[in-house]
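*Asks:* There's a structure below that I have some questions on.
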Amino acid sequence: MVQQVTNGIKISVKTKFIGTSYHDDRLRYAFSYRISIENQSNDSVQLLNRHWEIFDSLNTIEIVDGPGVVGLKPILKPGQKHCYSSNCILTSHIGAMNGYYEMVNFTSTKTFKVHIPTFQLMVSGALN
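So this is what it looks like as C-alpha cells:
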C-alpha cells in the first residue's frame with residue numbers, strides 16, 4: 275500500500291492483479307486498485323475532478339481526465355473517509371499510475387490539487 279498526504283487529505287492505494295484476457299489478438303493484463311481518501315483537515319472538502327497518468331512498461335502513457343470518481347463527487351467532512359475501487363488494463367505485465375484530484379475547500383472556497391502517489395501495477399512474480 276502507498277500513502278500520501280496533501281493539504282490534509284490522505285490518499286491510500288492498494289493494488290491487485292486480476293488476470294489476463296485477449297483483446298484484438300493481444301494479451302492484456304487487468305489490475306484493480308482500491309483508493310481511500312481521508313479528510314484529515316479541519317474543513318469540509320469536495321472532490322470535483324480526477325487526473326490520471328497511466329504508464330505501461332512498453333513505454334505508453336495514457337492520460338485520463340474526468341469529473342469525480344466512479345460517478346461520484348464525494349463531500350468529506352473533517353475525519354470522514356471515502357473509498358472506491360476501479361481497474362486498469364495494460365498491454366504489459368508491469369506498469370504504474372499516479373495523478374491528482376481537484377478538490378474544493380468549502381471554508382475558503384478555493385480549489386486545490388491532492389496528489390495521488392505513484393503506485394505499481396505488477397503481475398505477481400514478474401520481477402523474479
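For this note's numbering, count along the sequence shown from 1 and bump the result up by 274. Glycine residues also receive a C-beta, built at the ideal position from the N, C-alpha and C atoms. All figures in this text were calculated on a predicted structure; none of them were measured in a lab.
What distance in whole Å lies between the Cβ atoms of residue 315 and residue 282, which are believed to be in contact at a cut-off of 8 angstroms?
*Replies:* Here the question's residue 282 lines up with position 8 in the sequence shown. Here the question's residue 315 lines up with position 41 in the sequence shown. That belief holds up - the Cβ atoms of residue 282 and residue 315 are roughly 3 angstroms apart, short of 8 angstroms.
*Asks:* Using the rule of at least 16 other Cβ atoms within 10 Å of the residue's Cβ for burial, across every protein chain shown, is residue 322 buried or exposed?
*Replies:* For the purposes of this step, residue 322 is identified with residue 48 of the sequence shown, where counting begins at 1. Exposed is the call here.
*Asks:* What does the alpha-carbon distance come out to for the pair residue 279 and residue 367?
*Replies:* Mapped onto the sequence shown, residue 279 falls at position 5. Mapped onto the sequence shown, residue 367 falls at position 93. Residue 279 and residue 367: Cα-Cα distance of roughly 29 angstroms.
*Asks:* Going by Cα to Cα distance, which pick from 294, 369, 302 and 345 is closest to residue 359?
*Replies:* As a working mapping, residue 359 is identified with position 85 in the sequence shown. Ranking the options by Cα distance to residue 359, first place goes to 345.
*Asks:* If you draw a straight line from the alpha carbon of residue 363 to that of residue 387, how long is it in whole angstroms?
*Replies:* Translated into positions along the sequence shown, residue 363 becomes position 89. Translated into positions along the sequence shown, residue 387 becomes position 113. Taking the straight line from one Cα to the other gives about 26 angstroms.
*Asks:* Below 7 angstroms CB to CB, which residues in the same chain sit around residue 331 once its five sequence neighbours on both sides are set aside?
*Replies:* Position 57 of the sequence shown, counted from the start, is the residue given in the question as residue 331. If we look at residue 331 and ignore the five residues flanking it on each side, its Cβ neighbours are 366, 368 and 369.
*Asks:* May I ask you to list the residues that DSSP assigns as paired with residue 373?
*Replies:* Here residue 373 refers to the residue found at position 99 of the sequence shown. In DSSP, residue 373 forms a bridge with 326 and 390.
*Asks:* Please state whether DSSP places residue 293 in a helix, a strand or coil.
*Replies:* Taking the sequence shown and counting its residues from 1, one reaches residue 293 at position 19. Three-state result, residue 293: strand.
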